[in-house]
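The structure appears right after this line, and notes come after that.
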Ligand code: GDP
Ligand code: IMO
Ligand code: MG
């Protein structure tokens, strides 16, 4: 044991490996932040979720939406890893790879997929839709991608992993037969034939074969050689299966614990945690959203923030920034700093609000409650601040921000209990403030490449 931990200590890289993850209900702009920080890393690794994620990256006006492939892929020379904690739909994976190829981005030689990642089967999508229909009014509002059913099979110990598609076909055949007949028992009057499912999986495995890898070992070796890794989260802390607004969550650990289980890396490999937070709050799908706005103001945020789902196109619900949520995320993830995004979307509002607590039947709450009824009936306590009329859009330095915007950021930091190392003022890579004397500089030194 002692030898192993010494070895670990000795192989710490000169550059820090960090996790970048969502602090709210997703769509905070993780894709943009991961993309702009990628030049500081050799490897970018996704640790959970599936193609329910939609990470949008703009490079010189060209739009890329990444679902399964890490958002570092747009930088040549960077290796991108899909961890064992991710559920992989081969069809969605190939579609994304083909689309990237059409846009001039080749993945060969720099994509690695964990042999232990579980596979989303065609009928997982059906089961997702069916389960939502059965819940009726109580539906989750899933992305209908089969994410929940695939993770159910994983936890139920009947899942099929990427490595199962590559050899021992009689065993795979047996698994597929059992899984398909279980599915036929669930879906009334269904007689799906296992054979085409099996044939397709074998063909999918063949296409994936060159990318399949022992990802945990690969990351261990990379870090031992002094390379740094960015651990990219999908979804967000409030959608985490354990720490989110259960049951209105996704089926994986989007918070920092997922890094270790979803990639096979030690907690000691995580040198820092950067939480991505929007300057307001959005949510897509069902479940409570205490600061939710309606009417003109909600519409104004939705339109200027272009708040429509990157995966499903659904309009996102919009509300004021909720510091109770971000404080909770800061604690769960041990956030070192925030990357605050979409500040520019608040440009031109006469006033802006920050939620600092919830009024509930149990009294004033300043900690995020587990009970959904409490949350659903919570009345936000707001601090109201003056808005700003000159734009923050495109600002690259704090000094470029109107004084009211600077005050808003400062107060947001105070009530969230974590400071902003990055402030994003537009969707492009360039439209970003990287603050000196922040966690970013302590991770990457003065030569941070952004
Ligand atoms: P993710 O899932 O966390 O990667 O976020 P999405 O890509 O789903 O949603 C964020 C959206 O906001 C994307 O369309 C981004 O291009 C965009 N975006 C990111 N940062 C900023 C910003 O600072 N300002 C504006 N206006 N848009 C941003
Ligand atoms: P990124 O990575 C926002 C939401 C769905 C639904 C719930 C469960 O782009 O931030 P699922 O299909 O996962 O079973 O749906 O989770 N959801 C997301 N919301 N951003 C995402 O990903 C999401 N991925 C899932 O809307 O409410
Ligand atoms: Mg998204």
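Residue numbers (my numbering): 695 to 1144. We put the beta carbon where it would ideally sit given N, CA and C, even for glycine. Computed from a predicted model, the values in this text were never measured in an experiment.
One Cα belongs to residue 848, the other to residue 813, and the distance between them is close to 9 Å.
Restricting attention to alpha helix (DSSP H) runs no shorter than 4 residues, the region 873-951 encloses them at 888-902, 909-918, ordered along the chain. Annotated three-state conformation of residue 806 is strand, per DSSP. Counting of Cβ neighbours within 10 angstroms places residue 721 among the buried residues, the total reaching 16 or more. Boundaries of the beta strand (DSSP E) harbouring residue 1118: 1114-1118, taken from the DSSP string. One Cα belongs to residue 1067, the other to residue 719, and the distance between them is close to 18 Å. Put simply, of 828, 788, 853, 900 the residue whose alpha carbon is nearest the alpha carbon of residue 882 is 828. Counting along the chain, the unbroken beta strand (DSSP E) around residue 972 starts and ends at 966-972. Separation of residue 782 and residue 745 (C-alpha to C-alpha, rounded to the nearest whole angstrom) is 8 Å. Remark: fewer than three beta-carbon pairs, one from each stretch, lie closer than 8 Å, so the region 986-998 and the region 1048-1067 are not flagged as touching. When the five nearest sequence neighbours on each side are left out, the beta carbons in the same chain lying within less than 6 Å of the beta carbon of residue 950 are those of 713, 967, 1027, in order along the chain.
Here residue 998 is not near residue 970, since their CB atoms are 8 Å or more apart. A distance below 8 Å separates the beta carbons of residue 725 and residue 760. DSSP places residue 1094 within a helical segment (H, G or I) once states are collapsed to three.
For residue 842, the enclosing alpha helix (DSSP H) covers residues 841-849.
In the DSSP annotation of this structure, the continuous segment of the beta strand (DSSP E) that includes residue 714 starts and ends at 712-716. Boundaries for residue 768: no alpha helix (DSSP H) harbours it, and the DSSP string shows neither H nor E there. Under the three-state reduction of DSSP output, residue 1135 falls in the helix class. The beta carbon of residue 732 lies closer than 8 Å to those of 738, 765, 766, 768, 769, 772, 924 in the same chain, with the five residues before and after it left out. For residue 730, the enclosing alpha helix (DSSP H) stretches over residues 724-731. Residue side-chain check: residue 1004 places its Cβ nearer than 7 Å to a non-hydrogen atom of the ligand GDP. With 16 or more other CB atoms across the displayed protein chains lying within 10 angstroms of its CB, residue 870 is buried. The DSSP-derived three-state label of residue 863 is helix.
With a cutoff of 7 Å, residue 729 does not count as near the ligand MG, since its C-beta is closer than that to no heavy atom of the ligand. Closest in C-alpha terms to residue 774, from the list 747, 728, 792, 1087, comes 728.
Using a Cβ distance threshold of 8 Å, residue 980 and residue 834 count as a contacting pair. DSSP places residue 749 in the strand class (E or B) of the three-state scheme. Taking the Cβ of residue 937 as the reference point, every heavy atom of the ligand IMO lies at 7 Å or farther away.
Note that the C-beta distance between residue 809 and residue 855 is below 8 Å.
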